[in-house]
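Here is the structure we will look at, set down as C-alpha cells.
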Amino acid sequence: MILRQLVLGGAAIAGLGAAAFAHSGATGVVKERMDAMKQMGEAIKRIKPMMSGEVAYDPAAVREAARAIAAESGDAMTRKFPEGTTDHPSETLPRTWEEWDRFASLAARLETAAEGLALAAGNGLHGADHMTGGQSDMMGGSMMGGQSGMMGGGMMMGDGTFPERMSAEHIGEMPADGAFMMVTQTCSACHDRYRLDDD
Ligand SMILES: [Cu+2]
313 MILRQLVLGG AAIAGLGAAA FAHSGATGVV KERMDAMKQM GEAIKRIKPM
363 MSGEVAYDPA AVREAARAIA AESGDAMTRK FPEGTTDHPS ETLPRTWEEW
413 DRFASLAARL ETAAEGLALA AGNGLHGADH MTGGQSDMMG GSMMGGQSGM
463 MGGGMMMGDG TFPERMSAEH IGEMPADGAF MMVTQTCSAC HDRYRLDDD
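Quick note: the sequence shown uses the working numbering, first residue 313, plus one each step.
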C-alpha cells in the first residue's frame with residue numbers, strides 16, 4: 313500500500329509520463345487489457361473535440377473510432393479479465409469477479425453503444441445552437457431532454473448507463489453527440505465501480 317502510494321506520487325511528479333511509468337511493470341493479460349483500454353481512450357480523445365464543436369466534425373473519423381471501441385468491448389474485453397488477475401499494477405477491483413454478470417453486461421453495453429455511435433456518425437451533431445453554451449449546457453440542458461424524449465424515459469439507469477434493452481440501431485438514430493455520451497457514460501459506469509483510483 314505504501315509502496316503503491318510512493319509509486320503514484322512519483323508518477324504525479326513525472327507528469328505526462330505518469331501512466332507509462334506507473335504501469336510499466338504490467339505483464340501478460342493485465343498489460344493486454346491496459347493496452348486495449350488505452351487504445352479506446354485514444355479513440356475517445358480523437359473525436360471528443362468534434363463532439364464539443366472545437367474542431368470540424370468528421371463522420372468518417374467518428375465511425376472509425378467507434379468501430380475501434382466496439383472491437384475492444386464485449387467478449388474481447390471480458391476475455392482479458394480472467395478471474396483474480398489483480399497483480400500489481402492492475403487497478404481492477406476484486407469485486408469484478410464477485411459481480412461478473414454485471415461487469416460483463418457493461419462490457420456488452422459498451423459494444424452496443426459503440427456500434428450505435430458508428431451508425432450515428434452520419435447523423436452529425438444535435439445542433440450548433442445548443443452546443444454554443446458549452447459542455448455544461450449540453451450535459452444539463454437540451455441534450456438530455458432530447459435524449460430522454462427519444463427513449464421515452466430517463467436516460468440514466470441506476471448503474472449510470474443506458475437501458476439494457478436499447479439496441480445499436482436505436483442508438484444509431486440519435487445525433488452523434490448523444491450516442492457519444494452513451495459510450496463515455498458506459499466507460500465511466502464501469503470505471504466507477506470496478507476500477508481503483510478512477511481518473
Ligand atoms: Cu496501466
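Yeah, the Cβ is synthetic: ideal placement off N, Cα and C, and Gly gets one too.
Between which two residues does the alpha helix (DSSP H) containing residue i stretch?
i           : result
residue 393 : No alpha helix (DSSP H) contains residue 393, which DSSP labels as neither H nor E.
residue 478 : Counting along the chain, residue 478 falls outside any alpha helix (DSSP H), and DSSP gives it neither H nor E.
residue 384 : That residue, residue 384, is in no alpha helix (DSSP H); it is neither H nor E in DSSP.
residue 354 : 340 to 363
residue 417 : 412 to 432
residue 300 : No answer is possible for residue 300: the residues shown for the chain start at 313 and end at 511.
residue 495 : 488 to 506
For ligand 1, I want to know if residue i counts as a neighbour, meaning its beta carbon is within less than 7 Å of at least one of the ligand's heavy atoms.
i           : result
residue 338 : yes
Going by the beta-carbon positions, is the gap between residue i and residue j smaller than 8 Å?
i           : j           : result
residue 374 : residue 501 : no
residue 338 : residue 379 : no
residue 421 : residue 498 : yes
residue 509 : residue 411 : no
residue 346 : residue 335 : yes
residue 494 : residue 388 : no
residue 384 : residue 432 : no
residue 392 : residue 423 : no
residue 517 : residue 390 : Lying before the first or after the last residue shown, residue 517 is absent from the chain, which here runs from 313 to 511.
residue 491 : residue 434 : no
residue 496 : residue 418 : no
Going straight from the alpha carbon of residue i to that of residue j, what length do you get?
i           : j           : result
residue 483 : residue 350 : 24 Å
residue 475 : residue 409 : 23 Å
residue 341 : residue 437 : 37 Å
residue 400 : residue 364 : 36 Å
residue 405 : residue 477 : 27 Å
residue 451 : residue 386 : Note on residue 451: pLDDT 44, under 50, position unreliable in the model; the coordinate value appears next. For residue 451 and residue 386, the distance between alpha carbons rounds to 27 Å.
residue 366 : residue 359 : 10 Å
residue 481 : residue 370 : 21 Å
residue 506 : residue 355 : 21 Å
Would you check whether ligand 3 has a heavy atom nearer than 7 Å to the C-beta of residue i?
i           : result
residue 366 : For the structure depicted, ligand 3 is absent and the ligand set comprises only ligand 1.
Subject >> Any heavy atom of ligand 1 within less than 5 Å of residue CB: hits in chain order >> reply: With the cut-off at 5 Å, the residues found are 335, 346.
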